[in-house]
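One rule links them: number in our numbering = place in the sequence shown (from 1) + 25.
Working notes for the structure below.
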Amino acid sequence: MVLKRSGVMGRKKHRESDIERRITRIMSKSSDYYRFYILDKKLVFRRVSWVNYLFQSLLALITMFIVLLFINIATGGIIVAVIGSTAFVVFAMPHERTAKARNVIGGHIVGIVSGIASYALAVYIMENISPQHVQIFSASLSVGLSTLIMVITDTEHPPAGGTAIWFSIRGADLGSAMFIIAASALLMLSKYILGERMKNLV
Numbered sequence: 026m027v028l029k030r031s032g033v034m035g036r037k038k039h040r041e042s043d044i045e046r047r048i049t050r051i052m053s054k055s056s057d058y059y060r061f062y063i064l065d066k067k068l069v070f071r072r073v074s075w076v077n078y079l080f081q082s083l084l085a086l087i088t089m090f091i092v093l094l095f096i097n098i099a100t101g102g103i104i105v106a107v108i109g110s111t112a113f114v115v116f117a118m119p120h121e122r123t124a125k126a127r128n129v130i131g132g133h134i135v136g137i138v139s140g141i142a143s144y145a146l147a148v149y150i151m152e153n154i155s156p157q158h159v160q161i162f163s164a165s166l167s168v169g170l171s172t173l174i175m176v177i178t179d180t181e182h183p184p185a186g187g188t189a190i191w192f193s194i195r196g197a198d199l200g201s202a203m204f205i206i207a208a209s210a211l212l213m214l215s216k217y218i219l220g221e222r223m224k225n226l227v
């Protein structure tokens with residue numbers, strides 16, 4: 026019985042490798058395929074099931090729908106973009122370091138603190154400068170500062186750069202800070218409930 030089962034598994038693996046070789050031959054006929062391909066190679070070679078692509082995208086949709094019920098999209102555009110970017114990281118590359126709770130929540134906290142500090146510093150040292158130039162300096166400073174702190178504290182999370190810019194323009198906005206942290210926590214909760222069912226899609 027064991028030998029029969031191992032024989033079936035061996036034939037199945039052989040068929041899968043044969044399919045991969047055929048696909049590779051077809052694609053190799055075009056030297057430009059790997060530079061200008063349309064479909065993800067993991068999907069084409071069946072390394073990740075198409076079910077994961079649909080399931081994780083649907084999960085991102087549902088989670089973002091819940092999050093956006095609690096914010097005015099018209100007035101919170103940057104926040105929406107930031108949380109949307111975080112949702113992509115969490116659901117498209119769930120097993121990457123930048124999708125861990127330390128990076129997602131910690132990165133946004135760093136962005137909040139950096140943005141508020143940059144706003145306060147810019148207003149203080151550029152008191153007699155036009156508001157537009159104050160905002161430009163504040164936003165630039167917030168991105169540089171948040172980048173420095175994130176790499177030092179091992180909380181790298183690219184969307185948190187947008188968080189820093191938002192607070193560098195708005196200053197100490199407690200409502201926005203609580204919303205971003207709560208939304209990040211909800212995204213992480215969704216990820217951990219599903220655990221190993223989720224796969225890296227990128």
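Positions of the beta carbon are idealized from the N, C-alpha and C atoms, including for glycine.
Residue i, buried or exposed, once every other Cβ within 10 Å from all chains shown has been counted against 16
i, result
"H120", "exposed"
"G187", "buried"
"M203", "exposed"
"V227", "exposed"
"E75", "The amino acid at residue 75 is misidentified as Glu; the sequence shows Trp. Exposed."
"I130", "buried"
"N128", "buried"
"T123", "buried"
"I218", "exposed"
"V176", "exposed"
"E221", "exposed"
"L83", "exposed"
"R150", "One detail in the question is off: residue 150 reads as Ile in this sequence, not Arg. Under this definition I150 is an exposed residue."
Nearest-angstrom beta carbon gap, residue j and residue i [assumed within contact, 8 Å]
i, j, result
"S215", "T88", "5 Å"
"T157", "A117", "One detail in the question is off: residue 157 reads as Gln in this sequence, not Thr. With a Cβ gap of about 36 Å, Q157 and A117 do not count as contacting."
"S193", "S155", "Not quite, the Cβ-Cβ distance comes to about 16 Å (not below 8 Å), so this is no contact."
"I141", "G196", "6 Å"
"A147", "L212", "Actually they do not touch by this definition, with Cβ atoms about 30 Å apart."
Task: Contact between the segment 158 to 171 and the segment 81 to 96 (3+ Cβ pairs under 8 Å) - done: Contact fails: fewer than three Cβ-Cβ distances are below 8 Å.
Open item on the list: Is it the case that the segment 132 to 144 contacts the segment 170 to 189, given that we only count it when at least three CB pairs across the two stretches are under 8 Å?
Closed with: With the cut-off at 8 Å, the segment 170 to 189 and the segment 132 to 144 touch.
TODO: Assess, as a yes-or-no matter, whether the segment 203 to 210 is touched by the segment 106 to 114 under the definition of 3 or more beta carbon pairs within less than 8 Å.
DONE: Counting Cβ pairs under 8 Å, three or more are found: they touch.
Open item on the list: Which runs of the alpha helix (DSSP H) at least 4 residues long sit entirely within the segment 194 to 219? Give them in chain order.
Closed with: As far as the segment 194 to 219 is concerned, its whole alpha helix (DSSP H) runs of at least 4 residues are 199 to 219.
Task: Inside the segment 104 to 189 only - beta strand (DSSP E) runs reaching at least 3 residues - done: Within the segment 104 to 189, no beta strand (DSSP E) run of at least 3 residues lies entirely inside it.
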